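Under my numbering, the residues of the sequence shown are numbered 593 to 896, in order. Think of the CB as a built atom: it goes at the ideal place given N, C-alpha and C, for glycine as much as any other residue. If you're wondering where the values come from, they're calculated on a predicted model, not measured in any experiment.
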Amino acid sequence: MRHIISPTDLTVSELGELLELAEEIIEDPTKYSDVCRGKKLATLFYEPSTRTRLSFEAAMLNLGGSVLGFSSADSSSAAKGESVADTIRVVSCYADICAMRHPKEGAPYVASIYSEIPVINAGDGGHNHPTQTFTDLLTIKNLKGRLNNLTVGFCGDLKFGRTVHSLINALSRYDNINIILISPEELTIPSYLRTGVLEANNIPYEEVRKLEPVIDKLDVLYMTRVQKERFFNEEDYIRLKDTYILDTKKMALAREDMLVLHPLPRVNEISVEVDEDPRAVYFKQAQYGVYVRMALIMKLLEIK
Ligand code: NCD
């Protein structure tokens, strides 16, 4: 039995197979509409979500399976003080696979130790978000045709943004990747990523404070929301939240074929006028999320 806690829990070749399966599903989704008949996915969400939870549910429904679960800690027995370990033991009796989102880093890992069914980390605190990363990789692969030879800019909250941490981790395994980190001084990436991932893998990277001077170097611009819920004080959030606003003026400086990704939800960091630009692919990206989760559910349930 496999769990997916970190984006590197799949080898590069397994990840390649996963993305290939997702691309086959894109070609002919109806071919897969019955492969999970009789199987159940539990979504255990202790933290708010729209896309991740609904795309997991849509993925399982598209495969002919069923879904059950809860969408907030208040509506589960966590509110009564139940531990994640106990909850997962019980859920193991009701479902065949589960996706868990939790505000505490490591909670899905703890669940995986006690679980009888595959556990997928659907976001743990400021740590990891592997299925968002698989979504991002599928988007880049499908629209750019490659996952190597890329200059990727990450812009916004690089300190608390788990999607950023996961994607940097995953990209570090491909060839000829250049990373440009664009953030305020207070929101730079955690040092474990700088030394343990970027430097350890000899990935060339630079850290800058402004987007305009570097935007023309990028193949992919990964915009992120300032993670309000992870700030210790409101004042800092208010001061930092609108540091970068991508607008048509900035887009005019970028390459014709640069892609703009964003895990969503967007707050102010991308002006709505950019939505019309064909390089803005964040809503397409949300659609890719369903296909890649369909492929992942099939893989973990060992459905051929
Ligand atoms: C992200 C998350 O939850 O980390 N959203 C998502 O899953 N698509 C990004 C965010 O909340 O800013």
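Buried or exposed (CB count within 10 angstroms, at least 16 for buried), residue i
{"i": "residue 758", "result": "buried"}
{"i": "residue 647", "result": "buried"}
{"i": "residue 717", "result": "buried"}
{"i": "residue 652", "result": "buried"}
{"i": "residue 868", "result": "exposed"}
{"i": "residue 808", "result": "exposed"}
{"i": "residue 682", "result": "exposed"}
{"i": "residue 843", "result": "buried"}
{"i": "residue 635", "result": "buried"}
{"i": "residue 730", "result": "buried"}
{"i": "residue 609", "result": "exposed"}
{"i": "residue 866", "result": "buried"}
{"i": "residue 605", "result": "exposed"}
{"i": "residue 888", "result": "buried"}
{"i": "residue 826", "result": "exposed"}
Local conformation of residue i per DSSP, three classes
{"i": "residue 923", "result": "Any answer about residue 923 is impossible in this case: the structure gives the chain only from 593 up to 896."}
{"i": "residue 851", "result": "strand"}
{"i": "residue 807", "result": "helix"}
{"i": "residue 625", "result": "coil"}
{"i": "residue 783", "result": "helix"}
{"i": "residue 670", "result": "helix"}
{"i": "residue 734", "result": "helix"}
{"i": "residue 875", "result": "helix"}
{"i": "residue 704", "result": "helix"}
{"i": "residue 654", "result": "helix"}
{"i": "residue 768", "result": "coil"}
{"i": "residue 686", "result": "helix"}
{"i": "residue 817", "result": "coil"}
{"i": "residue 593", "result": "coil"}
{"i": "residue 892", "result": "helix"}
{"i": "residue 790", "result": "helix"}
{"i": "residue 761", "result": "helix"}
{"i": "residue 842", "result": "helix"}
{"i": "residue 723", "result": "helix"}
{"i": "residue 693", "result": "strand"}
Pairwise C-alpha distance: residue j and residue i
{"i": "residue 686", "j": "residue 677", "result": "15 Å"}
{"i": "residue 849", "j": "residue 875", "result": "17 Å"}
{"i": "residue 853", "j": "residue 628", "result": "30 Å"}
{"i": "residue 893", "j": "residue 703", "result": "18 Å"}
{"i": "residue 607", "j": "residue 733", "result": "12 Å"}
{"i": "residue 670", "j": "residue 798", "result": "42 Å"}
{"i": "residue 693", "j": "residue 792", "result": "29 Å"}
{"i": "residue 812", "j": "residue 818", "result": "19 Å"}
{"i": "residue 883", "j": "residue 614", "result": "5 Å"}
{"i": "residue 719", "j": "residue 880", "result": "22 Å"}
{"i": "residue 620", "j": "residue 612", "result": "13 Å"}
{"i": "residue 801", "j": "residue 824", "result": "22 Å"}
{"i": "residue 706", "j": "residue 785", "result": "28 Å"}
{"i": "residue 711", "j": "residue 657", "result": "17 Å"}
{"i": "residue 665", "j": "residue 885", "result": "23 Å"}
{"i": "residue 601", "j": "residue 595", "result": "8 Å"}
{"i": "residue 599", "j": "residue 736", "result": "21 Å"}
{"i": "residue 723", "j": "residue 835", "result": "27 Å"}
{"i": "residue 774", "j": "residue 862", "result": "15 Å"}
{"i": "residue 714", "j": "residue 691", "result": "6 Å"}
{"i": "residue 804", "j": "residue 673", "result": "48 Å"}
{"i": "residue 650", "j": "residue 794", "result": "39 Å"}
{"i": "residue 638", "j": "residue 891", "result": "25 Å"}
{"i": "residue 830", "j": "residue 746", "result": "21 Å"}
{"i": "residue 668", "j": "residue 740", "result": "43 Å"}
Are three or more beta carbon pairs between the region 777-788 and the region 748-757 nearer than 8 Å?
-> These segments touch.
Mind listing, in chain order, the residues whose beta carbon lies closer than 7 Å to a non-hydrogen atom of the ligand NCD?
-> Answer in sequence order: 641, 643, 644, 715, 721, 724, 753, 754, 755, 816, 817, 819, 855, 856 and 857.
Touching by the beta-carbon criterion (3+ pairs, under 8 Å), the region 625-644 and the region 757-773 = Touching, no.
Specify whether the region 816-830 and the region 854-869 touch according to this definition: at least 3 beta carbon pairs, one from each stretch, less than 8 Å apart.
-> Cβ pair count under 8 Å is three or more, so yes.
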